[in-house]
Each structure stands twice: as C-alpha cells, then as structure tokens.
Amino acid sequence: MPPTPSPQDPARVGEYWLAGRLGAGGQGVVYEAYDRDGGRVAVKLLHASVAADPEILRRFAREAVAAQRVASFCTARVLAAEVSGPRPYLVSEYVEGPSLRAAVERGRRFGGDDLVRLATAIATALTAIHEAGVVHRDLKPDNVLLGPDGPRVIDFGIARTEDMSLTSTGLVAGTPLYMAPEIFTGERATPAADVFAWGAVLLYAATGEDPFAAGSLGAIMHRVLSADLDLTPLPPALRPLAAAALARTPGARPSARDLLLSLVTPRPRDQADPVRLPPGAPAVRHEPARDLRNGDALGRDAPDGDLLARGREAAGGLAREGDPDPDLGARAEEVYARLDGPGRDAAPGVLLRLVTLDDAGFESPRPALREDLAATGPGAERVVGAFGEAGLLRGEEEYVLLTRPALVRAWPRLRGWLDEDRGGLRLHAALAAGARAWRERGRKDADLLHGGRLDDALAWAATGRRHLTLNPGEREFLDASAALTRRRRRRRALLTLALAVLLVLSLAGGGLAAYQSSRVAEQRDLAAGRELAHVAGTLRATDPVRAMLLNVAAWTLAPGPDTRSGLMAALYQPEAAAFQAPRAAGPVRRVLSGDGRRLVSVSADGVSVHDVATGRRAGGWADARVKDADLQDVSLSRDGRRLAIVADRTVRVWDTRTGRPLREHRLAPQAPQVGADFGGGDRLLALTEGQGLLLWDTATGGTRGRGLDWQSGRTAIHGDLVAVAGLEARLAVYRSGAPDPRFRGACPGEVRAVAISPDGRTLACGGARIRLIDTATGRPLPASGGTGSGETGSGETGSGEARAEWPWRISGGERLNLQNTPELRFSADGRLLAGFGDRNVKVWRVADRRLLLDYTAPGLLADARPDPGGRFVRVLMDDTVLTLDLAAHPASRPLPEGAEATAFAPGGGLLALQAADLTGAVRLWDVRRGAEVELPGAVSSESALRPAFDRAGRVFAAADARHVSVWDTRGPRSLRRFPVPPGSRAQSVALSPDGRRLAVVLGSEGDRPEAVLRLWDLSTGRATKLPVTAEHGGVVFTPDGGALASTGGGRARLLDLATGRPSGPGYGGESQDHVELAFSAQGLMAVADSSGRIALWDRRGPEPLPPAMHGVAEAIEQVAFSPGGDLLATGGDSGTVQLWDVRTRRLLGTPWHHGTGIGALAFTPDGSALLAAADPGLSGEPGRVITHPVAPGEVVRLLCARAGRTLTDAEWSRHLAGTPRPALCPAP
C-alpha cells in the first residue's frame, strides 16, 4: 500500500479520489487513485509551479494527446487527461506489481527465458509507443513494472512526439544513467534513444547494476560516450540484439519493431548461437528486419496489431515475485470480514460519519469526534480500532478521519452505503455540528434548530435514514429544538410534534396507532409511506410482486420524491419472481439446471430438485452419501441427467432421474481442495486438484489430461473440446486431451471465464473483455453488422476482429475486481450470453453484442442461467433463485431503416432524422402517426449538425455544407434558404423561441480557425454578422430570446447579441470537452458534461444552485426539462436515460439502459411521458422512439397491471397495521 497522503495532498482530482503517493519527481506527483466506479488508476498531478509555466503546460498538453494514441500493448494505457485546469493531470492504468528496480534491489536477477520475456515486453511497449509517433525519453528500470499479466512500461511524463522541438530552456530531459550518447552531445531524442535505453535496462536486470553508473554526471557522460560494456551476463540469444541497441550512433541501432520481430520469430533448433556483434554494428534500421540471433531475414510486412499481440503473448509468462498488491477496497473488505457481529452492524454508521458532500456533490472526508463515534452504539470502537490498525483511519487528538479519501469509491460496500444515505450526508453533518456547538456553548436556545431546517432534520431522522444512526447527543439536540419550536409557535407545533414523536417511536421501535387526529394522521401516513418505500426496496429480491405493490401504497400515502423514486424504479424492475429453497440440515450446495428452471440442492438430507416457477418439489432422493462427509462441490450436466457430488475425497455421479449412483472416482488422500465441473457438457467432468486438471469420462470411467494447467479459473467442455481459464489466467484449449495450437493468442490478456455454445461452434472467453472465438479456426468472430454502442461501443470500429470483443465491467474500471471467480453462460439456443461475478450479472445478445441486462443483486451470485425462451435469466443467490425479466422495457416504435434521430420538436410531436451513414437528406418524422414528412429542398445529412425547432415546433432549421434552410413544418413549406459562404462551414444552428430569428455559427476551414455568428431576421432575410470564439460548440437561445448560450470550450456562456462576446461567467462542470444545456420555463438552466455531472443554475443571477447531480459516468448528449420544470431528463452516449427531481436533485428510480446512444429527448406537452430516441443497433436493428411514462398515476396503473393484483389484507396488516387502507390499484 502506498504511503498515506499528506495533509497538503488533495482528496480528489477531477473525478478521481486519491489513495496515496506512488512517487514524486520534478514535474509532479503520482498517486494511486480510484474513479467513480471504484476502478483503480494512477494519476500524475503536475506541481503548481510547473503548471504555471506556459511552455511546460503546452508541452504537457501535446504529450497527453500523444500518449493517448499509444496502443495498450505492454504499456500502462493513458485513460484521460486534464490540461486546462489549475493543476493539470494525466490518468493511466494502474499496474499491480513492483518496478523492475524494486525487484532487483530485493535480490532478483533475470536470466534465461525470464530475461528474454522481459526484453520482449519492453520491445513490444516501445514498438507501440513509437508507432504512435511518441518517444519515451525516460526508459529506465523504475519505469518498467512487473504486472500480473507481464511487464508494463509506464510514465510518459517527459515523452515527446517526434515533431516536437527541444524545451525552451534547452535542457535535456530524462535519467542520465540511461540516456543515449547523442542526447549528451545536444542532439534531438529520437526513437533510437529509447532503443539504447532498452539495451541498458536488460544489463541492469541481468546484473543488478546500472551499466553506466559513476560518481558524477560528468563521469556518467564519459562512460556513456566511450565505455564498451561486457554483455556476457546476457543469454547468447540476446547479446547481438543488445550490442546493436547500444551502438553509439543512432543510425546503427535497430528499431524497436526490428527488435520485436527478432524476439518473437523462433530460431531453428539446429542453428548455432550467433557471434556477438561489436559496438557500432552496421545499421539495420532501414533494412528488412533481421533476426540477429540466427541471421535469417524476416519480412517487415507483419501487421502491427498482430506483431504487438505476439509480443504481448510471448512476454506474458514472466513470473512475478513479491507481495500481492490488493486494491484499497479489498483491504477494507478484509478488515470488515474480521469484525464480529456488533462491529459489522456499527461499521456503516461509523464510516458514514466520516464522509460528507462538497458543493459540487462529490464525496469528501470530514473529521468526527471520537466520543460521537463511540456513542453510536456497541461495536463502534471495534470498527475504529480495526480500520485504524489497517491504516484506513487515523486519529488526530479527539478526532478520527479517513486516511485515504479514495476509500469512499474504492470499496464497493461503502459505495453502496453512501448511495443509500447520500441524501442525508450533508444534513447529518450539519446536525452533528449543530449538536456539538449547542453542547459546547452551554445549551443555549439560540443554537437550536428551527423552521424549515428543523422540519427537514426531523423528517430525515424519522424516515430518511438507512445506515446513519443518531447518537444520544444528537437526539437530545433534536428534542430540544422541537420543544423550543412548540413554545414559540403553537400553530406550527402539530407538524413538528408529530415528526418529533415519530422520531422517538421509530428509534424505540414503537407503532403509529396512537395518533388519531386528522392532522396527526396525515403526518403518520406521510412517514409510513416513506418508510414503506424503503421496505419495498428491500423486498425486490425476495418478493418482487409485493415490492411493486408496496411502492404503489407508499406513493398513495406519501406523494413525494422518495416514494416517486421507488415507484419509477419498480416500473421496469427486472425482478419478476423469487423462489426460496426449503431449509436443509448442515452445509448445502446448490446448482441450477442448464435452462435455469430447476434448482438442485445437496445436503445431509439428500438431494432435492425443485421447479423454480412453481416452487414444487420435482424430484430427488434421500441418501446422497454426504451425511458425515465433507461436502466440497456439486455440478450438473447440461442435459440435467447427471449430478456430480464431491464429498469425503470421493467424486460420485448420480442419475437424477432414478437417484442411482452411476460412477465413482476416488481421490488421493493428500489431494487438496477439489472442484468438479461439467463445464456445460454432458459426459466429461473436469476435476481440479490444486493447479492440476483431470478429465473424467462419466460414461466410461476413463480419465485423461492429468496435470493440464488450471488456476482459479473455469472450464468449458463440448464433446472432445475443452477450454480452460488456465495457469496465470491464460486461455488453454485442448482437443482429445492435446493442446490445440490454433487458439494460441486467441484471447490475449487475462482470461477468467470461458464458455462454449451448445452447438460447439463458438467459444467465449472473458476477463477485462469478452471475446467470441470460432472453434473451427481459433479466430475471433465478428459481430453481424456495423458498430454499436453501449458496452459494445469501445471505439473499436475497424475490422471484424475488433468487433468480436467488448468490455466486461463488473466492479468498475477495465479489469474485473471480484471476490468470486466470474463465469460465462450461453443460453440453450446460443443467442444470449450471460456473465456474472460477485453481485453483478450482465446479459448480451450474441448477434450484435447488445447489452440486454445489467443487474446488481443484494448478495453474491453462485450461478446464472438464461431461459431457453429468451425472456428471462435466473440467478442463484444463496438459497434464492431470482427470475429476471429481460423484456421489462418501455414501449417503443421503430424508426425508418437506416435513420437516426437528431432532435425532437418541443412536445415530441416531430422528430428530425438523418441517415446513420450521413448520406441522403435531413427529414422529419411524425411521431404520433409514424410517418415521414417530406421537406422541399432538404439539406444533406453529411454535415451531422443538430437541427433546431422553435418553441411551438412550427419552424425548423437545418444546415449542410452549402446551405442553411428554414421550413414551416405545417406545410411543410420552405421559408428561407441562405448560402454558406465559400471557405466556411456551419458549426451550429439555433432558432429563437418565437421562430423569428435564426442564429448560425460559421467556422473557417483554414489552418487558423475563426468563427462568426450570423443572426438572421427571418421576416426580412437580413443578417447581422458578429465575431465569436472559434472553440465553441453549439448555441441555443434563452427562453426569452434575449440572449444566446454557447457551449464552447467545455463550458456554457451567454453571448451578448449586440457584440457576440461572452457576458458573465461561464457555467459548467469540470469536463472540458463537451457540454449540453437546457433551459426551463421557470428560469433554470441545466449544464451537463462528458463526465455525467449535471449542474443547475439560476439564469437570473447567474447563480449556481448546488449540489450538482451525479449519475452514470458517461458523456451526456441530451438534456430536457419537463413543461412544469419539476423534472429533468438526461440521455447518455451509451444509451442511458436518467430522470431527476429538480427540487431535491434526486434521481427518480434507476437509470434506463437502452444499449445504443440517445439522439434526442423530449417530454410530451402535458409532461406525462418522456420520449427518448435511441440510435440504430449493431446488427442493423432500427432506431427507436421509446416512451417512458413519468406521470405517477400512469405508473401506478402499469405497476398494478404487471403485478396482476393488489395488496392482500394480510399484506396490508403486516406492513401498515392501524393505517386506514385507501384504494391502490384502479379498477380493471
């Protein structure tokens, strides 16, 4: 674990929370950090003094752009960069493992195959870096990390592109011990300088000594310029390569690509070792690549991607030594697991007291008094002690605080607690501070809460808390505040008293029946409804239908944002049914059948088979011979006819139809933990003993393949084809027990899960990414169409091979971060693929890789099986089988084939369309009739500009490369057509709300970007020309038409229509590359950026209205207010639609994921529904207009129809005893 951040270190940089320092240098500090989803990254933050130098800042910006071009082959990929803020920073992958220097200093020396693998990894990285046009310039042992999947080259902090000039100071950059000779003589660093450092790094790895080490800089320079190094410590195969790399003349050195070709091309066994080449060897850089180990010429036409993949594969077997480096969340989870029951119960309340929200809505550490923590209840002191010993908390006099701010995002369990209590964090922080001040100042009335602040505190304390608990001092403070209010304002007492008494009752476990008056009953129902919404949320995974109906009851009793959020979440909740298996004696192992319709339980009571849909017992037998045995594992064959049980060092296979044993296999007495897996097959059973794999034919009793590589992975079997997530998490494929060479390199990188389709034609392998492989050829399978989006939209849109894989994110970030090994499952027809791990399950449609379900369960998942009908997926969670509905989606209507949406008219009656391939003309679509509206003289789709409507939807404007056209949509008929001046291009168009003025930003097409704003009066055709900044994106009129808002440079600004210049401060978030905005009729402006952050502003100020809203971390492309201004909708570039309550900033329900980008959003005129236009799918599926009901009455009707009933009297009494029962579901 890196050193604890110092008080001078920031808690957060952008949307990355810092965990500790990894290192520091002249330019900046490198931190371990975590993103919003808990993904582990490395953040390099420039020193403030460095960032103040304009030349360094410009160079850093260019380097950041260049570094992001480097392919992720044996390098730490650059994920993001922020170069325009006060403290620029660079974000890259976190590589778990020590540096090469740290490993060598601990005594490790590299030789033989290990050194060849290290050489190959560094050559692969340099090839990728150089092919991106970048020179590293600081390759050294410190910048080579020994990661779990092989060595990685890191830190392009002083990297440069090949066309950059020297720094303004003329100083060289880099580490002198590994600088090439030409750098000391004042020459420019080229890729050859990195090749020289490659040779020096190899010598260091072999000998443990810096090859040019000397007592001073001058002595180092002398050795670099004149010394002949002894290369005998290197293996014979590497000596000539190192000799050529260390040539003093840059032109005499091979390129990194030449080195890599030599390293990955095998030498014939009968070739003798080559003779060492002397320093100053002839240049090979401009000749065909030559294998310097054997003299054979190699072709230079190998595809770069294939060559880099071969290099990464060849380097991946390097064994890593040293202690593991678990992430911060894993460390916290380990501490939590060691707590006793009271400690675990106290942990949420203790840790949440150490977090608040800053003005931007981000989590921020806050100190808490030790006595306040201890007073929260038994177990609190154990939590502080355990987390303190682990270095996660620290004490400063009487206060306790988080030592690592990143814990709030790195630990999934704490993230969940924070999400559930987010709305109360600020309120509780103010409440705790107020209670402390009241006590310290002598309990004066002036320090008590009153008015709205008291009402909010009482309501939250009574009904809004999830994990935060009030200590006695805070309860006393609230009681005193309520008593003061009763004395001062008798008229207000009923409301405050009701909430205060409700608080006492809720803390003491009392009921609500004592309140009989009408006004108290109103408050009783309000509180009961809020609490009911919370109860409904806890029942979704155990009784989904009852949970839906409780949400209806909660809204009926207590209409408000809390209960409306539950109502919206229930509308399309995927949980459709739940079956809980009967209790059994002793340890129990459970497994789902291949179709997910049967649950098999094995225990000391025997074997029981239950029908999941009906809950009825469907088979089983009493004696499974496990009563006194150690039950280790169970597995069910694909057809469900064979059940394997591992118990007491014996594997028995049973016939599930008759309950008779079929075969038995005895294990060695000293055999370690054993696992059994049919791997989706019917006969072969994979038995794992430690790291060895044995295949047992349960039909014949024969065995084969003993000792096949296996380590903490999974097995997939179809006939004689066996795929294994093998040693070092690599894919291994066998046919008839022999390795199949066609699959070598088929799944590069870490492979944690495998599955074979029922027809045996497709192999799925998964780790950080999922890839589909043709089992006949071993080659990737392309998707059946163009590129998609959502989880398939990774930017890999070139070849079919690129479309054959997509990211698999479960706990955030690019890499899986799981307690349990993930698994993949095909549906019975092979059309669906499910992937699950820990609490998350995802389901994709195989044909187009479209994500159909992304579900997080309340507990760890043991199995997941798609139903053969394609409608459901069933997941096993402890003793419960949860049926998830893949069709729980809103109604939609397809758009014309090949069309994608660009803008709705206000109210959603008309939709502007363009061709997805940017050919053809812009056209209108009548949403209600589902018919196209022909536009006379339409403009081309090739410009891909967002068109504009006026407020009534009667005037429509669009632009292409040659014209800006305006139509009256009621004809439709053409109103105006303006030419685009030669040498200019339209960047954005906007119509005033009354439809009388047209604004168009025209940008130049030359090397020096300039822009002008043309403002046309549509009644006269006259135009006003105003200069504007060239960087701006879109423009939109304010609701009164008096100003234009520009979204340039990552911020929104108001433009003065008299001068075209920005007026007032910029609005916007922390993102610098994309901003979307919308105005409400009530004077609010919403500004959303590419990080998923939404900020509200009062335009009349202008004045920010914190806190900001944070939803799914994706670029927001669409923003829309409801007609009443109470709701805000956003649409993301990966297909996520979110609905927000504007007053409370609360997300209503859960995000809706549509799998493809959202091209347009609009509310219907009455605000009862939200329309979202989704882009076409990967497999040619047309775009869609999706209707989301948002009016509570309609949502109630739909929920009742989906449930098929209302709450029973028994259910009402169970949850709402003493509360009069209103009508819930409308009559059918």
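Its first residue numbered 1, the sequence shown is counted upward by one per residue in my numbering.
Built from N, CA and C at the ideal position, the CB exists for glycine as well.
These figures come from a predicted structure and were not determined experimentally.
{"Item": "Taking the beta strand (DSSP E) that R997 belongs to, which residues open and close that run?", "Value": "997–1004"}
{"Item": "Can R951 and P896 be called in contact, C-beta distance under 8 Å?", "Value": "no"}
{"Item": "Evaluate contact between the segment 184–200 and the segment 240–253, counting only Cβ atoms and requiring at least three cross-stretch pairs below 8 Å.", "Value": "yes"}
{"Item": "Give the DSSP bridge partners of V13, in chain order.", "Value": "Y16"}
{"Item": "In the segment 1111–1166, which residue ranges form an unbroken alpha helix (DSSP H) of at least 4 residues, counting only runs that do not cross its ends?", "Value": "none"}
{"Item": "Under three-state DSSP, which class holds Y399?", "Value": "strand"}
{"Item": "Any idea what DSSP makes of L1216, helix, strand or coil?", "Value": "helix"}
{"Item": "What does the alpha-carbon distance come out to for the pair S1004 and S99?", "Value": "49 Å"}
{"Item": "Excluding the five sequence neighbours on either side, which residues of its own chain have a C-beta within less than 6 Å of the C-beta of I220, listed in chain order?", "Value": "P176, F212, A214"}
{"Item": "Taking a contact to mean a Cβ-Cβ separation below 8 Å, would you say L861 touches R839 in this structure?", "Value": "yes"}
{"Item": "Taking only the alpha-carbon atoms, compute the straight-line gap between L918 and S940 and give it to the nearest angstrom.", "Value": "8 Å"}
{"Item": "List in chain order: all unbroken beta strand (DSSP E) runs of 3+ residues lying wholly within the segment 319–367.", "Value": "355–357, 363–365"}
{"Item": "According to the neighbour-count rule (16 or more other Cβ atoms, all chains shown, within 10 Å of its Cβ), is S1019 buried or exposed?", "Value": "exposed"}
{"Item": "Could you tell me the boundaries of the beta strand (DSSP E) in which Y855 lies?", "Value": "850–856"}
{"Item": "For the beta strand (DSSP E) containing A206, name the first residue and the last one.", "Value": "It is not in any beta strand (DSSP E) - A206 instead sits in the alpha helix (DSSP H) that spans 191–207."}
{"Item": "Can you tell me the Cα-Cα spacing of V400 and G424, whole angstroms?", "Value": "20 Å"}
{"Item": "Starting from the C-beta of F477, find all residues in its chain whose C-beta is less than 7 Å away, skip the five residues before and the five after it, and write them out in chain order.", "Value": "G434, A435, W438"}
{"Item": "Less than 8 Å between the C-beta atoms of F872 and A576, yes or no?", "Value": "yes"}
{"Item": "Quick one: Cα of P378 to Cα of G343, how far?", "Value": "7 Å"}
{"Item": "Which of helix, strand or coil does DSSP assign to T614?", "Value": "coil"}
{"Item": "Go ahead and pull the three-state DSSP assignment for A1169.", "Value": "strand"}
{"Item": "Taking the C-alpha atoms as reference points, what is the distance between V91 and E1114?", "Value": "17 Å"}
{"Item": "Would you tell me roughly how many angstroms separate the C-alpha atoms of S517 and N551, rounded to the nearest one?", "Value": "Annotation note: pLDDT 44 at S517 (below 50); position unreliable, no value reported."}
{"Item": "Cα-Cα, which of R1022, G1021, L1013 is closest to L1044?", "Value": "L1013"}
{"Item": "What distance in whole Å lies between the Cβ atoms of A725 and R752, which are believed to be in contact at a cut-off of 8 Å?", "Value": "6 Å"}
{"Item": "Quick check: the Cα distance between I129 and G1111, rounded to an integer number of angstroms?", "Value": "35 Å"}
{"Item": "Secondary structure at V264, three-state DSSP: helix, strand or coil?", "Value": "helix"}
{"Item": "Hey, would you say L910 sits closer than 8 Å to A901, going by beta carbons?", "Value": "no"}
{"Item": "Mind pulling the beta strand (DSSP E) runs of 3 or more residues that sit fully within the segment 842–899?", "Value": "850–856, 863–866, 872–877, 880–885, 891–894"}
{"Item": "Among the residues of its own chain, which have a CB less than 8 Å from the CB of S799, if the five just before and after it don't count?", "Value": "In this predicted model, S799 has a pLDDT of only 33, less than 50, meaning its place in the structure is not dependable; the value taken from the coordinates is given anyway. So the list reads P782, once near-sequence residues are dropped."}
{"Item": "Going by beta carbon distance, what residues of the same chain come within less than 6 Å of A1217, once the five residues before and after it are set aside?", "Value": "none"}
{"Item": "Any idea if P1226 is buried or exposed, counting beta-carbon neighbours within 10 angstroms, 16 or more meaning buried?", "Value": "exposed"}
{"Item": "Return the Cβ separation of L260 and T124 in integer angstroms, given the expectation that the two are a contact with Cβ distance under 8 Å.", "Value": "6 Å"}
{"Item": "Three Cβ pairs or more, each shorter than 8 Å: is that satisfied between the segment 562–573 and the segment 588–608?", "Value": "no"}
{"Item": "Alpha carbons only, please: which of R1053, G983, L1054, L975 is nearest the one belonging to D1017?", "Value": "L975"}
{"Item": "With burial defined as no fewer than 16 other Cβ atoms inside 10 Å of the residue's Cβ, what is the status of D1141: buried or exposed?", "Value": "buried"}
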